[in-house]
Amino acid sequence: MALPLLNYAPKSQNQRVEGYTVQGDDQPRVYNAEALLEYSEMTDLIEAAYRQVFFYAFQADREATLESQLRNNQITVRDFIRGLFLSDTFLRNYYEKNSNYRFVEQVIQRALGRDAYNEREKIAWSIKIATKGVEGFIDELLGSDEYMENFGYDIVPYYRRRILPGREVGQRPFDIKSPRYNEYYRGILGFPQIIWQDQVRRFKPQEKKPSAGNPALYLDMARSVNARPASTPRVNTATINIGASVPFRKLGVPVNGN
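Residue numbers (this note's numbering): 8 to 265.
Have a look at this one:
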């Protein structure tokens with residue numbers, strides 16, 4: 008018997024407050040499949056879905072089957088988002104590298120476009136993972152009233168009212184303040200000093216790199232040559248026969264017949 012979702016009191020957050028907003032650069036762009044008529048517009052929607060769930064869209068991590076089904080109207084945008092959450096890329100990079108509580112936080116941020124209200128909400132959804140598995144947790148979250156009221160079947164999730172006009176600095180994006188690796192795995196991988204620090208120090212702009220024929224390119228080869236001076240043999244003066252070695256002329260002996 009599956010346990011019902013525990014009750015948790017949602018606190019008043021920015022996205023729960025109805026306010027008067029003026030469209031501008033700070034407002035998120037809403038991608039709705041119902042208003043798409045061109046192929047390029049569907050491509051932009053797919054890219055937005057990858058950025059929302061993965062934060063990146065490497066070619067090796069793309070789901071070609073899901074993309075084809077979405078373009079041919081065989082599945083909805085909600086089904087496409089579900090497939091990305093249950094893909095091997097997302098489970099390998101987020102579920103296997105975090106605890107259930109942190110995984111719930113990551114999914115809520117991407118699926119509902121907000122932070123988790125409190126620890127009780129994380130515990131409530133973590134129980135769903137323990138009882139129904141990851142797939143059951145994703146299905147219930149994407150089928151919740153909050154998701155359906157804000158995004159429905161055709162809208163890509165987005166960060167809801169992230170910018171606060173009353174503050175000098177708004178809320179940071181989820182991908183910056185919630186990296187996919189927790190502290191334990193970041194310590195194993197050596198983030199950020201071991202992996203990135205040396206690379207940054209060794210980086211040189213293209214205009215500062217030596218061109219072809221520059222003697223600096225052969226500096227390492229010159230240093231690798233172990234050049235030693237020729238050793239001079241030592242001579243023992245006690246063994247030298249000076250009389251036999253040095254020529255001399257005898258007195259009284261004519262030279263050239265004279």
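All residues carry an ideal CB built from backbone N, CA and C; glycine is no exception.
None of these values were measured; they are calculated from a predicted model.
In three-state DSSP terms, what is I134?
Here residue 134 is taken as the residue at index 127 of the sequence shown, counted from 1. Note: I134 maps to helix in three-state DSSP.
Within 8 Å, strictly: CB atoms of I82 and V60:
Sequence index remark: in the sequence shown, residue 82 carries index 75 (1-based). Sequence index remark: in the sequence shown, residue 60 carries index 53 (1-based). Between I82 and V60, the C-beta spacing is not below 8 Å.
Using the Cβ count rule (16 or more neighbours within 10 Å means buried), how would you classify R121?
One-based indexing of the sequence shown puts residue 121 at position 114. Burial call: buried.
Ignore the nearest five residues each way along the sequence and tell me which others in L148's own chain have a CB closer than 6 Å to its CB.
The residue given as residue 148 occupies position 141 in the sequence shown. A118, listed in sequence order.
Following the continuous alpha helix (DSSP H) through Q116, name the residue where it begins and the one where it ends.
Translated into the one-based positions of the sequence shown, residue 116 becomes position 109. From DSSP, the alpha helix (DSSP H) with Q116 extends over N107 to L119.
Member of P240, Y165 and N125 whose CA lies at the smallest distance from the CA of N14:
Taking the first residue of the sequence shown as position 1, residue 14 is located at position 7. Checking every option, the nearest Cα to that of N14 belongs to N125.
Residue range of the unbroken alpha helix (DSSP H) whose run includes F92
Start at 1 with the first residue of the sequence shown, and residue 92 comes out as number 85. F92 -> alpha helix (DSSP H) spans V84 to F92.
Considering only the alpha carbon of each residue, which of K129, D161, F97 and F158 lies closest to E142?
What you label residue 142 is simply residue 135 of the sequence shown in a count that begins at 1. Comparing Cα-Cα distances from E142 to each of K129, D161, F97 and F158, the minimum goes to F97.
Do you know whose CA, among V242, V114 and E214, lies nearest D2's CA?
Past the edges of the chain, shown from 8 to 265, lies residue 2, and the structure says nothing about it.
Within 10 angstroms of the Cβ of S238, are there 16 or more other Cβ atoms? Answer buried if so, exposed if not.
Translated into the one-based positions of the sequence shown, residue 238 becomes position 231. S238 should be labelled exposed.
As assigned by DSSP and simplified to three states, the class of I247
Start at 1 with the first residue of the sequence shown, and residue 247 comes out as number 240. Residue state, collapsed to three classes: coil.
Between which residues of its own chain and G90 is the CB-CB distance below 7 Å, once the five residues before and five after are set aside?
The residue labelled residue 90 in the question sits at position 83 within the sequence shown. Same-chain partners within the cutoff: E70 and L73.
What are the partner residues of N39, as DSSP defines its beta bridges?
If you number the sequence shown from 1, residue 39 lands on position 32. DSSP, once it has assigned bridges, lists I162 as partnering N39.
Anticipated Cβ contact below 8 Å, A137 with L12, distance rounded:
In the sequence shown, residue 137 corresponds to position 130, counting from 1. In the sequence shown, residue 12 corresponds to position 5, counting from 1. Not really, about 13 Å apart at Cβ, beyond 8 Å.
Under the three-state reduction of DSSP, which class applies to N14: helix, strand or coil?
Taking the first residue of the sequence shown as 1, we reach residue 14 at position 7. Coil.
Are at least three pairs of beta-carbons, each pair with one atom in the region 39-48 and one in the region 94-113, less than 8 Å apart?
no
Which word fits I53, buried or exposed, when buried means at least 16 other C-beta atoms lie within 10 angstroms of its C-beta?
As a working note, residue 53 is residue 46 in the sequence shown. Result: buried.
Output needed for D68: all residues of its chain with C-beta closer than 6 Å, excluding positions within five of it in sequence on either side, in chain order.
On the sequence shown, residue 68 is found 61 positions in, with the first residue counted as 1. Cβ neighbours of D68 beyond the five flanking positions: T96.
Return yes when the Cβ of Y225 is within less than 8 Å of the Cβ of P35, no when it is not.
On the sequence shown, position 28 is the one that residue 35 refers to. On the sequence shown, position 218 is the one that residue 225 refers to. No, the pair does not count as a contact, with Cβ atoms beyond the cut-off.
Please say whether S133 and N100 have beta carbons closer to each other than 8 Å?
The residue given as residue 100 occupies position 93 in the sequence shown. The residue given as residue 133 occupies position 126 in the sequence shown. No, Cβ-Cβ distance for N100 and S133 is not below 8 Å.
Report all residues from its chain with a CB closer than 7 Å to the CB of A7; omit the five preceding and five following residues, and keep chain order.
Past the edges of the chain, shown from 8 to 265, lies residue 7, and the structure says nothing about it.
Is it right to say A123 is buried, meaning 16 or more other beta carbons lie within 10 angstroms of its own, or is it exposed?
Residue 123 sits at position 116 when you count from the first residue of the sequence shown. Counting Cβ neighbours within 10 Å, A123 comes out buried, since at least 16 surround it.
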